[in-house]
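Respectively, the protein sequence lines represent chains A and B.
Counting along the first sequence from 1, when you hit position 2 you're at 2 in our numbering, and nothing is skipped either side.
Quick note: to get our numbering, add 1000 to the position in the second sequence (first position is 1).
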Amino acid sequence: DFDDDGRKIYIVYMGSKLEDPDSAHLHHRAMLEEVVGSHFPPESLIYIYKRSFNGFAVKLTEEEAQKIATKEGVVSVFPSEKNQLH
Amino acid sequence: TTRSWDFLGFPSNVARMNKVESNIIVGVFDTGIWSDHPSFSDKGYGPPPAKWKGICQTAANFTCNKKIIGARVYRSNKTLPPGDIRSPIDTDGHGTHTASTVAGGLMTKASMNGLGLGTARGGVPSARIAVYKVCWSDECADADVLAAFDDAIADGVDIISLSVGGKLPKPYFQHTISIGAFHALKRGILTSNSAGNSGPDPYTTASLSPWLLSVAASTIDRKFVTQVQLGNKNNFQGISVNAFDDLKNQYPLIYGGDVPNKGFNSSSSRFCKENSVNPSLVKGKILVCDAQLSSKKFASMGSPAGVLMQAYRDYAVSYPLPASTLKLEDGSKLKSYMSSTKTPTATIFKSTTIQDASAPFVASFSSRGPNAITHDILKPDVSAPGAEILAAWPLNAPITVAQDSRRLLYNIISGTSMACPHVTAIATYIKTFNPTWSPAAIKSALMTTASPMNPSINDDAEFAYGSGQVNPLKAVKPGLVYDANESDYIEFLCGQGYTTAMLRYITGDNSTCTSSGLVWDLNYPSFALSVTRSQRFINQHFTRTLTNVEKGGSTYKATVSSPQGLLISVNPSTLSFKATGDKKPFALTVQGTVRQPIISGSLTWSDGRHSVRSPIIVYVRS
């Protein structure tokens, strides 16, 4: 599941949806630039969850994921794993 | 479904709120849907309900209609596996099967090449379907499942059916299905989720949060069997779904152990392990294997006329060739026959059905409790038919494996995936009669009216079947419900170690953990208590509140079934309700000595018309 640069998809779950959901991407981007740096590639952001709750799915290294987990507003950070049909 | 709904006592002519039902939107998170299937005809449907805010991602060979009103596709992984199409179209079959079980129309004379003939139907045939394709041939990724929840809740679905899950238990807010289902319940949307197919070992279900409706798979009384006749005219009744016509002749029998492939010896070829048998030596013969094989393993065998396997099986599977699984005793007799003659032969007939008087019991594959995250919440919640279920199948997907060239409109498959949509449909049916009920109230109705199942044929008792087998007609009029809302779950989460700060993010309000949020006080429709090996004497209080959901007043009396060694008391033991919505609290106390690994009892509230039953389980935690 890792890319060549050691990144894989993590889910950053941030709870209930924002009052202004359209601003979600600004919040998420600011957080990512703080952790990953301004060189953060936009294509690494896989999903922005904003219609019903707040969060995003993004490609990160394990270290970056750990850093994001300490940020205010973050409930949990965990790797996107495979589920199976039952 | 040609038998399962009738087996549940839910005939096709059941009273329905047709207009309300056609206004209900079921969100199906799965492999997509084959919209051309006649089960999804939109004849007679009006436009989508006004509340619908979703979209239809049209693609080549896929369009929505007035039955399938929405479809979206989720794929976080950039690359697509070969054969998959970035479209809501179902190229697997699973999503078409589950969607038709929930809400497919009535299809008379449905069968799998004659097998399981009858009327295939969804439990709520007038409901609309919104498709969220989250599964592909390689994965159903968490990121995609969560994206589907984000959309489905906002799109306006009324209920979510999710026959998908992970293998390992996860904390509630690191588990995408729990996260999504939590936000769904905040909007009044219940999520029905399959318990998993990792049974029969304990602690195998990963569908664990109390706001999820977790579904185990049970059998129905129609069982597929496949007759095998030897050259000496001896017959054996094997287990499989063999939709191939009778083999016309007797074919030579060949034992896998006698035909090892190059690089293998008989110790692996006897089990017909992948590539272990010599394909040229089995061609045109019936191959005998000392094991049960999956369809995928058949590809390396070449082209035998048929395959006979040996194992104990409690459910039948179909294969890309004529095949049957014999029980071990019959397997021994078969091999004795093979060694007694120089030219042993056999033939395999098309499957037939027999009545299984032992049904329902929980299938061996169905994942079991206890709950690995919160020991004192019983999981799974309920059982429903999930073995040998006939439902719709796409004509663009093979019915077993890619090498299987048969294309059929119906397929018979097994799994908790098949059980889940039965429960989704019944939950939807309940909602059509009781549109204002919360997800917890619907869940309670399903659990407290479930038919008790037999622990003597289900060793794991409630950890296999939960409250029992769902009973649709009783569930629609449960009398009383154990209701719960977001704040009740938040209080429960406080007791699970979640901080006020964390819970405020989740709720978006100023929730505060003011009480200890004891798990035994969550208004759950079942009672579970775990003890450690050293803890033998118990004295545990549970508190609950019942809400009257019938018109007018009624007085309910409690009856307790106390297993040996335990004293279970209820206070008060009589509850008088004056009107609809009236709420009455009570306490249940379990005292005594734990002498067995699992002890089951029950509490039933009855007013003479309704019976509101909850299992009580005390167990030793391992």
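Cβ atoms here follow ideal geometry from the backbone N, Cα and C, with glycine treated the same way.
Quick caveat: nothing in here was measured; it's all calculated off a predicted structure.
A distance below 6 Å between beta-carbons, with the five flanking residues on each side excluded, links residue 1356/B to the following residues of its chain, in chain order: 1221, 1223. The beta-bridge partner set that DSSP reports for residue 1140/B consists of 83/A.
Under the three-state reduction of DSSP output, residue 1593/B falls in the strand class. Using a C-beta cut-off of 8 Å, the segment 1167 to 1177 of chain B makes no contact with the segment 1333 to 1343 of chain B, since fewer than three inter-stretch Cβ pairs fall below that distance.
Contacts with chain A at 8 Å (Cβ-Cβ) include residue 1508/B.
The contact set of residue 78/A on chain B, defined by CB atoms closer than 7 Å, consists of 1174 in chain order.
Residue 1306/B places its beta carbon 8 Å or farther from that of residue 1255/B.
Spanning the alpha carbons of residue 1476/B and residue 1588/B requires a straight line of approximately 26 Å. Pairing residue 1199/B with residue 1146/B gives a Cβ-Cβ distance that is not under 8 Å.
Following the DSSP letters along the chain, one finds residue 1298/B in no alpha helix (DSSP H), marked with neither H nor E. Annotation for residue 1337/B: no beta strand (DSSP E) segment contains it, though the alpha helix (DSSP H) segment containing it runs 1328 to 1340. For the set 1121/B, 1026/B, 1011/B, 1083/B, the Cα lying nearest the Cα of residue 1391/B is the one of 1121/B. Taking 8 Å as the cut-off, the beta carbon of residue 1382/B is found closer than this to the beta carbon of residue 1466/B.
Restricted to the segment 1068 to 1115 of chain B, the alpha helix (DSSP H) segments that are unbroken, complete and at least 4 residues in length are 1094 to 1103, listed in chain order. Counting only the Cα atoms, residue 1364/B lies some 9 Å from residue 1201/B. The residue among 1280/B, 1244/B, 1359/B, 1275/B with its C-alpha nearest the C-alpha of residue 1321/B is 1244/B.
In the pairwise beta carbon analysis, the segment 61 to 74 of chain A is classified as not touching the segment 1097 to 1116 of chain B: fewer than three pairs are separated by under 8 Å. Along the segment 1411 to 1441 of chain B, going in chain order, the ones with a CB nearer than 8 Å to a CB of chain A are 1415, 1416, 1417, 1420. Relative to residue 1341/B, the option among 1012/B, 1026/B, 1232/B whose CA is nearest is 1232/B. Residues 1395 of the same chain have their beta carbon placed closer than 6 Å to that of residue 1407/B, with the five preceding and five following residues left out of the count. In the structure shown, residue 1241/B adopts coil according to DSSP, grouped into three states. In the three-state scheme derived from DSSP, where H, G and I count as helix and E and B as strand, residue 1399/B is classed as coil. Between residue 1517/B and chain A, the shortest Cβ-Cβ separation is not below 8 Å. Sequence-distant Cβ neighbours of residue 1554/B in its own chain, meaning closer than 6 Å and more than five residues away, are 1577, 1607. Listed in chain order, the positions of the segment 51 to 62 of chain A with a beta carbon within less than 7 Å of a beta carbon of chain B are 51, 52, 53, 57. Using a CB distance cut-off of 8 Å, residue 12/A does not count as an interface residue toward chain B. Residue 1591/B holds the alpha-carbon nearest to the alpha-carbon of residue 1569/B among 1583/B, 1582/B, 1591/B. At a cut-off of 3 residues, the continuous stretches assigned as beta strand (DSSP E) that sit fully inside the segment 1214 to 1272 of chain B are 1222 to 1230, 1235 to 1239, 1251 to 1255. Distance check between residue 1192/B and each of 1487/B, 1543/B, 1149/B places 1149/B closest, using alpha-carbon atoms only.
Within the segment 1473 to 1498 of chain B, the complete alpha helix (DSSP H) segments at least 4 residues long are 1486 to 1495, listed from N- to C-terminus. For the C-beta of residue 1371/B, not a single chain A residue is nearer than 7 Å; the gap to the nearest is close to 18 Å.
Taking all protein chains shown into account, residue 1208/B has 16 or more neighbouring C-beta atoms within 10 Å of its C-beta and is therefore buried. C-alpha of residue 1549/B to C-alpha of residue 1416/B: approximately 30 Å in a straight line. Closer than 7 Å at the C-beta level to chain B, one finds these residues of the segment 5 to 31 of chain A: 9, 11, 13, 14, 15, 16. Residue burial annotation: residue 51/A is buried, with at least 16 other C-beta atoms found within 10 angstroms of its C-beta.
The alpha-carbon separation between residue 1567/B and residue 1433/B amounts to approximately 38 Å.
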